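Taking the numbering used here, the leading residue of the sequence shown gets 22, the next gets one more, and so forth.
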Amino acid sequence: RARGESDAVVTMSHGVDVKANVSGGVLQGLARSFLTSESFFTTQVTAPAGKPGDVLLAASDPGGIVLHRLQRGEDLLLTSGAYMAGDASVEVTSEVQSNIGNSLLSGTGFFLMRARGAGV
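See below:
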């Protein structure tokens with residue numbers, strides 16, 4: 022099972038189940054949508070029980086894609102628009118940068134996303 026941005030799924034193998042939902046609840050979805058320019062809805066894809074399934078993902082903006090495997094207890098801070106997809110064990114939340122100087126000088130904005138959990 023994987024969860025990603027609503028516009029990230031390009032194609033999938035036969036039998037893969039696709040559902041749209043609001044990851045983290047309505048308030049978290051609103052915060053993610055308004056503060057970090059990520060989608061209000063997320064897409065959850067699940068392969069049939071006991072069978073493999075393939076899903077092709079693509080970013081909406083040009084650039085490279087980095088696969089990062091989070092270890093237990095590790096957090097990854099992401100700028101707005103940087104998150105595309107992850108497995109179901111990775112939780113993505115939005116938060117305010119703690120240092121206003123960093124947000125003004127770095128060009129990342131006042132809000133970041135934090136990915137945590139053990140998974141991809």
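Each residue gets a CB set at the ideal place from its N, CA and C atoms; glycine is no exception.
Keep in mind it's a predicted model, so treat the numbers as computed, not measured.
Item, Value
"Beta bridge counterpart(s) of residue 115 as assigned by DSSP", "134"
"Per-residue DSSP class, three states only, for residue 47", "helix"
"Alpha carbon of residue 107 to alpha carbon of residue 23, nearest angstrom", "6 angstroms"
"Buried or exposed (CB count within 10 angstroms, at least 16 for buried), residue 163", "A query on residue 163 cannot be resolved here, the shown segment of the chain reaching from 22 to 141 and no further."
"Start and end residues, beta strand (DSSP E) containing residue 107", "106–108"
"Top-ranked residue by Cα proximity to residue 134, from 28, 37, 34 and 112", "112"
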